[in-house]
Every structure is written in structure tokens, then in C-alpha cells.
Amino acid sequence: MAQERTSWQIKDEAILTELVTMMEISSAECALLGQLKGQAEVLAPEMTKAFYGRLFQHTNTAEYLEGISMDRLNSMLATWFIELFNGVYDEDYARRRINIGRIHVRIGLPLRYPLAMMDVIMVFGEQVAHQSDQPDVAMTAFRKALALDVAIFNQAYEDNQMKHLADLVGGERLARLLLSGAG
Ligand code: HEM
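Going by our numbering, the sequence shown opens with residue 9, and the numbers climb by one from there.
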């Protein structure tokens, strides 16, 4: 039988605070990433082209883009990418990012697709980080910011699944025990 965990008690906003704290992004790392925003702006159009290019290559992902304004999507993804180099990674930042995750939950998009697409973000983000005058430190900092986004995207999905399962089985504790294979 799975043991109860204190992490199970952490909810909503407190999860965002926990994640931001856990990344241990130092103020020097924040400053370094913030200095690269201009470079991220320059690379953003190439990144969005590669990103949606890949999604259009696969029928199962291209289906989600039918009838959607690509100008709007390109611009929103570019903003998301540039904001990775915002230099401020606080609860407000995490809240904005989790709302984007929730939008993907609502369009019925399986989580594996956004997670797989982090590959494209990683390639372009690393190119931005390379341009820093301290490329190794910038790379480490960028990886932290990206890991934070992966965790936040996942959280948006997990929150939704947990809510539905908890409603179904009569409580979150029971849902967690079930998911850990108990009973
Ligand atoms: C790294 C992964 C991803 C990121 C960072 C990302 C980013 C974004 C952003 C910033 C928005 C705008 C949200 C808003 O309205 O404020 C958006 C919307 C959207 N994304 Fe993604 N996305 C990702 C993966 C995907 C994938 C894999 C698909 C489809 C296969 C997809 C399809 C869409 C669609 C259809 C919308 C528009 C939703 C609507 O307005 O109804 N996204 N995305």
C-alpha cells in the first residue's frame, strides 16, 4: 500500500511556488537569460516555422491546426518562446504558463505531443543560450527554465485528470492511492 506523501497536500498556487523554488534559478542566471531576450526575438520566427512544420508533418497533430489562424498561433508561440528569456521566473510567470497548458488540455490534445515538441524548443533555446558571453552558465539556466515549463505543462494535465478521477471515486486521496496501484 502506497504511503501518503506530503506532496499530495500541495495544491493549486502552492504547486507553482514549489516548482519555481525547486528550479533554484539564481538571480545571476535570471539576469543572464534576461539579457538574451533580443536574441530570442531574432530566432523566434525560425523556431515557430520549425515547430509548426513538424506538427503539420504528422496527421495526428496537423488535425488540431485545421481552421486555426496560423498567424495568431505563430505570434503566440513566439511570445511564449521569447518569454522563456524573460529573466523573471516567479508565480506570475508560472501562472501564465499553466494557463497555456490548460488551453491544450481543453482542445483534447494528448500530453505526449507538447512534451515531444519541447525538442524543437530545446534546439532553438540552446542556440540563443550559446550567444551569451557566458554560454555554459546561460545553457544551464535555460535548461532550468525549460524544465520548469515541462513540469508546468504536465501539471495542467495532471490537475485536470486528478480532478475528474477524484470526482469519480469520491476524493483525491483515494484517487492517488488508486493511481499508485493500491487496492
Ligand atoms: C511545447 C509545446 C507547445 C507550446 C509551448 C505551445 C504554445 C501555445 C501557445 C502560447 C498558445 C496560445 C494560447 C493562448 O491562447 O493564450 C497555443 C495555442 C494552441 N496550440 Fe499550442 N503549444 C505547444 C504544443 C502544441 C501542440 C503539440 C499542438 C497540436 C498538435 C498545439 C496546438 C495548439 C492549438 C490548436 C492552439 C489554439 C487553441 C485555441 O485557441 O483554441 N500546441 N499553443
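Note that CB positions come from ideal geometry on N, CA and C, so glycine has one too.
query                                                                                                                : result
Burial state of T67 (16 or more Cβ within 10 Å)                                                                      : exposed
Length-filtered (4 minimum) alpha helix (DSSP H) runs lying within the stretch 88 to 128                             : 99 to 114
Nearest to Y72 (by Cα), restricted to the options P118, A149, A159, H172                                             : P118
Distance CB(L182)-CB(A174) smaller than 9 Å                                                                          : yes
Segment limits, alpha helix (DSSP H) that includes M147                                                              : 143 to 177
Pairwise C-alpha distance: L176 and V28                                                                              : 31 Å
Touch test, the stretch 38 to 56 against the stretch 91 to 107, Cβ-Cβ under 8 Å, three pairs minimum                 : yes
Counted within 10 angstroms of its Cβ, other Cβ atoms place P3 as buried (16 or more) or exposed                     : Since the first residue of the chain shown is 9 and the last is 191, residue 3 is not available in this structure.
Segment contact, 8 Å Cβ cut-off, at least three pairs: the stretch 47 to 64 with the stretch 162 to 171              : no
D157, buried or exposed, once every other Cβ within 10 Å from all chains shown has been counted against 16           : buried
Sub-9 Å separation of R62 and M125 beta-carbons                                                                      : yes
Exposure label - G133; buried when at least 16 CB within 10 Å                                                        : buried
Whether A155 touches M78 by CB criterion (9 Å)                                                                       : no
Residues of its chain near E99, where Cβ-Cβ distance is below 8 Å and the 5 sequence neighbours each way are ignored : E21, L24, T25, V28
Any non-hydrogen atom of the ligand HEM within 8 Å of N82 CB                                                         : no
Three-state secondary structure (DSSP) of A190                                                                       : coil
Per-residue burial, D14 [other beta carbons within 10 Å of its own, 16 or more giving buried]                        : Sequence inspection shows Thr at residue 14; the Asp mentioned does not correspond to that position. Burial call: exposed.
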